[in-house]
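The sequence shown lines up with residues 2 to 294 when you count with the working numbering. Positions of the beta carbon are idealized from the N, C-alpha and C atoms, including for glycine. Written below as structure tokens is the structure these notes are about.
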Amino acid sequence: MAEQSTEMSHTQASELLDLLLSHTDAISGFDVQALVNLADAAESMGRSEDAEFLLSNISEKESKYGWVGLATAKRYLHKNPQKAMDIISGIIESTEEKINGNSNGKGDVTSSDTAMLLLQAAALNLRGQLEADSGAPDAARESWALSLAIKAGYGDLFGQANGHHNLLQLAKQQDNLEDALAHATRVVELVADAEDSAWQAHALADLAHLTACDENFDQADLHYRSSLDLAEENDDLAAQIVAHWGIADLALIRGDGESALTAYGQALAAHMKLDVPAPEALLQRINALTESQ
Numbered sequence: 002m003a004e005q006s007t008e009m010s011h012t013q014a015s016e017l018l019d020l021l022l023s024h025t026d027a028i029s030g031f032d033v034q035a036l037v038n039l040a041d042a043a044e045s046m047g048r049s050e051d052a053e054f055l056l057s058n059i060s061e062k063e064s065k066y067g068w069v070g071l072a073t074a075k076r077y078l079h080k081n082p083q084k085a086m087d088i089i090s091g092i093i094e095s096t097e098e099k100i101n102g103n104s105n106g107k108g109d110v111t112s113s114d115t116a117m118l119l120l121q122a123a124a125l126n127l128r129g130q131l132e133a134d135s136g137a138p139d140a141a142r143e144s145w146a147l148s149l150a151i152k153a154g155y156g157d158l159f160g161q162a163n164g165h166h167n168l169l170q171l172a173k174q175q176d177n178l179e180d181a182l183a184h185a186t187r188v189v190e191l192v193a194d195a196e197d198s199a200w201q202a203h204a205l206a207d208l209a210h211l212t213a214c215d216e217n218f219d220q221a222d223l224h225y226r227s228s229l230d231l232a233e234e235n236d237d238l239a240a241q242i243v244a245h246w247g248i249a250d251l252a253l254i255r256g257d258g259e260s261a262l263t264a265y266g267q268a269l270a271a272h273m274k275l276d277v278p279a280p281e282a283l284l285q286r287i288n289a290l291t292e293s294q
């Protein structure tokens, strides 16, 4: 997704963190999720000691099985996968026990249940990532499907879109075009419902590529053009490049070299606006079409 203009610069974020840490008495007023987010920000800026300090303000019980435990698992994701998995398993078990313990026998969902379900969905999502990274695609699919079901239950559009995106990537890795198309379609639908046009532009391009792989070229062209319209509305040059390139490839398949050359040229122009070198493959296609005119 494209970065939004409202995002803080690295310097601004660092200055804000300095300000917060200079008033440590105010930190006690932050909830767990806010402290975890601040710690993640500090860690991303290489301020590990500040991250540890922020996390130390969370209760020991919450640190082990709550959101901060999940944040800790993320930090071990690549450094120590087994430790990360142990933490995640503890969180999932703990949330399940709390949800069962909160049951009033009527099937009602309490606010505490909702909080636990949110945490459980996030933990299952992270477990799926670990399983996928370790070469266990079936286990990853099950974890992501469980996480997705929870998110669907409380209407989290972005969470569902992320879940389908994970399952989409897994299907692509396993060359399962049918499942990939189904998940790509759901991502487009969900981000459209969430009115995130920037994400929708990229999601439509993914769907267009898969649709072309299914040899439904006319529909693929429509998806690419819809993606391009949204990318232009959002001034997203990266998404424009993908859409122009896809439109050009489809034109070549139809034998329309002139339209292909125009679209490849637009992709090249977008690369120039981004001030990044164009891929050699793009230049070769433009040269080949130019010479054949």
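List the endpoints of the continuous alpha helix (DSSP H) containing Q285. E281 to S293
My guess is that L169 and V192 are in contact by the Cβ rule of under 8 Å, so how many angstroms apart are they, rounded? Rounded, the Cβ-Cβ distance is 13 Å, inconsistent with contact.
Would you be able to state if there are at least three C-beta pairs under 8 Å between the region 91-98 and the region 130-143? no
Cutting at 6 Å between CB atoms, please list the residues of its own chain near S260, excluding the five before and the five after it. Hits under 6 Å: A252.
What would DSSP say about S95, mapped onto helix, strand or coil? helix
Taking the alpha-carbon positions, what's the R76 to G164 distance? 21 Å
Rounded to whole angstroms, what's the CA-CA distance from D276 to S113? Just pull it up for me. 50 Å
M273 classed as buried or exposed, judged by whether at least 16 other C-beta atoms fall within 10 angstroms: exposed
Where the alpha helix (DSSP H) through N167 begins and ends: According to the DSSP assignment, N167 belongs to the alpha helix (DSSP H) that extends over L158 to Q174.
Is the CB-CB distance between A178 and L223 below 9 Å? A quick correction: the sequence has Leu, not Ala, at residue 178. The answer is no: Cβ separation not under 9 Å.
Between which two residues does the alpha helix (DSSP H) carrying L149 extend? P138 to G154
Kindly list the residues whose CB is nearer than 6 Å to the CB of V243, restricted to its own chain and excluding five residues on each side of it in sequence; keep chain order. A206
What is the C-beta distance between A1 and A268, in whole angstroms, given that I count them as a contact (C-beta under 8 Å)? Residue 1 lies beyond the range of the chain shown here (2 to 294); nothing can be said about it.
Locate the alpha helix (DSSP H) running through G266, then write down its first and last residues. Unbroken alpha helix (DSSP H) run through G266: G258 to L275.
Helix or strand or just coil, what does DSSP make of H79? Assigned with DSSP and collapsed to three states, H79 falls in coil, not helix or strand.
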